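Numbering (this note's numbering), first residue to last: 134 to 330.
Ideal Cβ positions, reconstructed from N, Cα and C, are used throughout, including at glycine.
Here the structure is a predicted model, which is why all the values come from computation and not from measurement.
Accompanying notes for the structure given below.
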Amino acid sequence: MTARDRLKSRKPEPPQRPLSQLRVRAQGSGARISTLPPPPFEREIDVAGLEWWLEAHMSLAGSLLCVEQILEPASDNFERALAASLERIRDALYELYCDAADPRLHNVATTGGALAEQLRPIYRACEELAALTLDRDAAVARERVAGLEGASVTDDWLSALAIDEANPLEPLRRLRRDLAALRSALDLCVRILRLTP
Numbered sequence: 134m135t136a137r138d139r140l141k142s143r144k145p146e147p148p149q150r151p152l153s154q155l156r157v158r159a160q161g162s163g164a165r166i167s168t169l170p171p172p173p174f175e176r177e178i179d180v181a182g183l184e185w186w187l188e189a190h191m192s193l194a195g196s197l198l199c200v201e202q203i204l205e206p207a208s209d210n211f212e213r214a215l216a217a218s219l220e221r222i223r224d225a226l227y228e229l230y231c232d233a234a235d236p237r238l239h240n241v242a243t244t245g246g247a248l249a250e251q252l253r254p255i256y257r258a259c260e261e262l263a264a265l266t267l268d269r270d271a272a273v274a275r276e277r278v279a280g281l282e283g284a285s286v287t288d289d290w291l292s293a294l295a296i297d298e299a300n301p302l303e304p305l306r307r308l309r310r311d312l313a314a315l316r317s318a319l320d321l322c323v324r325i326l327r328l329t330p
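So, in structure tokens, the structure goes:
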């Protein structure tokens, strides 16, 4: 067998995961304890009940990627500002999705839960705004401000969770800040939509 034949018969190695996927192994896996948040989900079964969230998030991420590709440096300032604010919302929603890996959030994050019901309209409004940005219809996008103005992310359900925010090993220690980041991103987007042309 020649060296070429040996190379052909070798199975290709799986591609290396990007750094964004190399977070931390789940607690209890025998790894050293880390102060980083746990990875979102290590197995498909961990996503049970959160399929809606993954689907909505991937759809929004895809829409914003399309927006990013069509916007040029010479694009309208409004379009660029709106796209940037939608990206901030997307990033804040992703941080909450990572928090949802914690079993304590299962009841509020799955379909019918308090957090899930607050996030669904946000995803819908952001998708609509991304589509309007793709169509370059700033006037209609400004009219859609109500879709985000009415969105509220409350944390009244947060008190029912036993979260020690001072503990560096607490997986949900940043949850309150993640919710505040989402509120801030929503507020910025609403302010941009209210700007006059």
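Sequence ranges, alpha helix (DSSP H) only - wholly within the region 216-289, length at least 4: Whole alpha helix (DSSP H) segments, 4+ residues: 239-242, 247-267, 271-276 and 278-282.
Less than 8 Å between the CB atoms is what I'm expecting for Leu-260 and Leu-193, so what's the real figure, rounded? According to the sequence as given, residue 260 is Glu; it is not Leu. In this structure Glu-260 is in contact with Leu-193, their Cβ atoms being roughly 6 Å apart against a cut-off of 8 Å.
Answer yes if the region 251-258 comes into contact with the region 282-292, meaning at least three C-beta pairs across the two stretches below 8 Å, and no otherwise. Yes: the two stretches touch, three or more of their Cβ pairs being nearer than 8 Å.
Residues in its own chain within less than 7 Å of Leu-219 by CB, not counting five upstream and five downstream? Cβ within range, chain order: Leu-197, Cys-259, Leu-262, Ala-263 and Cys-322.
Please work out which residues of its chain come closer than 8 Å, Cβ to Cβ, to Gly-182, disregarding the five sequence neighbours upstream and downstream, and give them in chain order. Around Gly-182: His-239, Ala-242, Thr-243 and Thr-244.
First and last residue of the uninterrupted alpha helix (DSSP H) at Leu-326: Residues 308-327.
By DSSP, does Gly-195 sit in helix, in strand, or in coil? In the structure shown, Gly-195 sits in a helix (DSSP, three-state: H, G or I).
Ala-214 versus Ala-274: straight-line alpha-carbon distance, rounded: Their backbone Cα atoms lie some 12 Å apart in a straight line.
Could you give the distance in angstroms between the alpha-carbon of Ile-203 and the alpha-carbon of Leu-305? For Ile-203 and Leu-305, the distance between alpha carbons rounds to 37 Å.
How many Å lie between Met-191 and Leu-226 at the Cα? Rounded to the nearest angstrom, the gap between the Cα atoms of Met-191 and Leu-226 is 11 Å.
Close-in-space but distant-in-sequence residues of the same chain around Trp-290 (CB under 7 Å, 5 per side omitted): The beta carbon of Trp-290 is closer than 7 Å to those of Val-241, Ala-247 and Leu-248 in its chain, skipping five residues each way along the sequence.
How close, in whole Å, do the beta carbons of Arg-309 and Glu-298 come, if the pair is a contact with beta carbons under 8 Å? That belief holds up - the Cβ atoms of Arg-309 and Glu-298 are roughly 7 Å apart, short of 8 Å.
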